[in-house]
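Undergrad:
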Amino acid sequence: MLINQENFEKIYQDELTPKQKKVLPLFLAGQTDEQIAKELGATHRSTASHQLRNISTKFGFPPETEPDYRCNLIEMFAKNTIASASKDGTVKLWQSDGTLIKTIPLKSNYFVTHPEARNSLRPCSKSHRMNKEITCL
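With the UniProt record's numbering applied, the sequence shown covers 1 to 137.
Here's what the structure looks like:
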């Protein structure tokens, strides 16, 4: 499903629960399901997996029909946010209206510097499944 900037921002602001808004940046920062669950105070990684599946469904790519939904989330955020590098070793993700979404450490698996877009997120390899380590291209 193609999603435009307006729909992206509406879904992010209006449809994601507070817990989902906490899970998503942790995922985008490269944390595993186990790390996310620990951050949430949950005892099992399935808490994070469940939230990520629900987030994907809200953005139009349910895991049942989109097995690479985690990569789709990363790619969608890369396309619909503005990333700016900071001197403190982080990348800040901004919505088009100037609202800060999240600060991601430069050590995130999803951050890369390349000539076309000086500082941008990149999609991960679509070869992973469920909770396996995500491999970036």
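From the three backbone atoms N, C-alpha and C, an ideal C-beta is built for every residue, glycine too.
#1: Label N4 either buried or exposed according to how many other C-beta atoms from any shown protein chain fall within 10 Å of its C-beta, with 16 as the threshold for buried.
#2: Of all the alpha helix (DSSP H) runs that stay within the bounds of the segment 10-41, which reach a length of 4 or more residues?
#3: Please classify G41 as buried or exposed, where buried requires at least 16 neighbouring CB atoms within 10 angstroms.
#4: Helix, strand or coil, according to DSSP, for E66 in the structure here?
#5: Does DSSP put H50 in a helix, a strand or coil?
#6: Thinking F61 and N72 are a contact (beta carbons under 8 Å), I'd like their distance in whole angstroms, please.
#7: Figure out for me which residue from Q51, D68, E39 and K79 has the closest Cα to the Cα of E15.
#8: Using a Cβ-Cβ cutoff of less than 6 Å, which residues in the same chain neighbour H114 once the five nearest sequence positions on both sides are dropped?
#9: When you compare only the Cα positions, how much space is there between D33 and V23?
#10: So what's T57 in DSSP terms, helix, strand or just coil?
#11: Quick check on N72: does DSSP put it in helix, strand or coil?
TA: According to the structure shown:
#1: exposed
#2: 18-28 and 33-40
#3: With fewer than 16 other Cβ atoms within 10 Å, it is exposed.
#4: It is coil, neither helix nor strand.
#5: In the structure shown, H50 adopts helical secondary structure according to DSSP, grouped into three states.
#6: 5 Å
#7: Q51
#8: Per-residue confidence for H114 stands at a pLDDT of 38, beneath the threshold of 50, marking its modelled position as unreliable; no derived number is given.
#9: Here the alpha carbon of D33 sits roughly 9 Å from the alpha carbon of V23.
#10: Note: T57 maps to helix in three-state DSSP.
#11: helix
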